[in-house]
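J.:
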Amino acid sequence: MIEAKGQAQGQVTGKALLFDIDGTLANTDPLHLKAFNQVLGPRGHVFDHARFSRELQGFANASIGERFLGDETVERRAVILGEKEEIFRTLVAGQIEPLPGLMALLDRADAAGIPMVAVTNAPRLNAELLLSGLGVTRRFRALVIGDELPHGKPHPLPYQEGLRFVGGSAAASIAFEDSRSGVQSAAAAGIPTIGIRTSLSHADLVGAGAVASASAFDDPELLARLAAAMAW
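Everything in the sequence shown is counted per my numbering, starting at 87 for the first residue and increasing by one.
#1: Just to confirm the assignment, what range does the alpha helix (DSSP H) spanning residue 324 have?
#2: Just verifying my parser: in three-state terms, what is the DSSP assignment at residue 107?
#3: Measure from the alpha carbon of residue 313 to the alpha carbon of each residue in 259, 282 and 263, then state which is nearest.
#4: Looking only at C-alpha atoms, which of 267, 211 and 265 sits nearest to residue 172?
#5: For residue 301 versus residue 292, is the C-beta distance shorter than 8 Å?
#6: Under 8 Å: do the segment 203-210 and the segment 103-110 share three or more Cβ pairs, one atom per stretch?
#7: Going by Cα to Cα distance, which pick from 128, 252 and 219 is closest to residue 177?
#8: Below 7 Å CB to CB, which residues in the same chain sit around residue 316 once its five sequence neighbours on both sides are set aside?
#9: Our contact map puts residue 262 next to residue 110 with C-beta atoms below 8 Å; I'd like the distance itself, whole angstroms only.
#10: Taking the alpha carbon of residue 186 as the point to measure from, which residue in 155, 306, 134 and 123 has its own alpha carbon closest?
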């Protein structure tokens with residue numbers, strides 16, 4: 087469910103930064119699209135970018151299997167989507183690059199004592215591979231895996247769990263998401279959410295509930311908003 091990175095510490099301020107992983111810390115969505123097409127294409131489901139962003143991006147594999155592999159048993163769906171994840175991990179190996187400005191932002195949050203949490207619907211192996219590949223595993227107090235909870239995104243529970251672990255206040259925190267389901271999850275948990283435009287437009291992200299959007303973490307307006315919200 088939640089893997090702690092170090093000791094949990096309550097925050098007097100209640101401030102926290104919560105990050106999705108895929109498409110938010112690194113632009114991995116094109117590789118997910120390729121992997122899905124390799125596995126689901128022969129089964130009659132072919133995705134372009136627009137369809138991927140509507141029907142796959144940010145959703146847990148259980149819900150994807152239910153939607154697109156309805157004729158298979160639950161066990162067989164898990165095997166098929168496990169094959170997709172193996173393909174993705176092969177594609178992404180050695181190709182993980184952080185979005186511009188990410189490392190500087192993590193450094194600033196660390197210096198200010200703001201706890202950070204990773205919140206994802208990705209399988210644990212994927213999440214750990216990406217965090218390790220970016221060299222940021224130890225930056226996060228906790229890793230919340232939606233598939234290991236009773237409800238994944240777009241339900242608010244994953245973000246509620248992330249806040250609970252670090253003693254965060256939703257209103258005093260900020261979340262970063264690139265998918266509709268992720269934005270909906272964080273916003274439903276009451277967290278002001280910044281949409282990251284790796285796949286979706288500003289209008290799409292704000293339509294899902296984001297308070298603003300940015301192309302990456304070096305966006306001047308994003309940095310000004312963070313400085314005000316985190317008081318650093």
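Ideal Cβ positions, reconstructed from N, Cα and C, are used throughout, including at glycine.
T.: Reading off the structure:
#1: Residue coverage of the chain in this structure runs from 87 to 318, which leaves residue 324 outside it and unanswerable.
#2: If you number the sequence shown from 1, residue 107 lands on position 21. Correct three-state label for residue 107: coil.
#3: Here residue 313 corresponds to residue number 227 of the sequence shown, with the count starting at 1. Cα-wise, what sits closest to residue 313 is 259.
#4: Locating residue 172 in the sequence shown gives position 86, counting from the first residue. Minimum Cα distance to residue 172 is reached at 211.
#5: Along the sequence shown, one-based indexing puts residue 301 at 215. Along the sequence shown, one-based indexing puts residue 292 at 206. Not a contact, by the Cβ cut-off of 8 Å.
#6: Flag = yes, the segment 203-210 and the segment 103-110 touch.
#7: On the sequence shown, position 91 is the one that residue 177 refers to. Ranking 128, 252 and 219 by Cα distance to residue 177 puts 219 first.
#8: For the purposes of this step, residue 316 is taken as residue 230 along the sequence shown, with counting starting at 1. For residue 316, where only same-chain residues beyond five positions count, the Cβ hits under 7 Å are 101, 198 and 200.
#9: In the sequence shown, residue 262 corresponds to position 176, counting from 1. In the sequence shown, residue 110 corresponds to position 24, counting from 1. About 5 Å separates the two Cβ atoms, so the contact holds.
#10: Walking along the sequence shown from the start, residue 186 turns up at place 100. For the residues 155, 306, 134 and 123, the minimum Cα distance to residue 186 belongs to 306.
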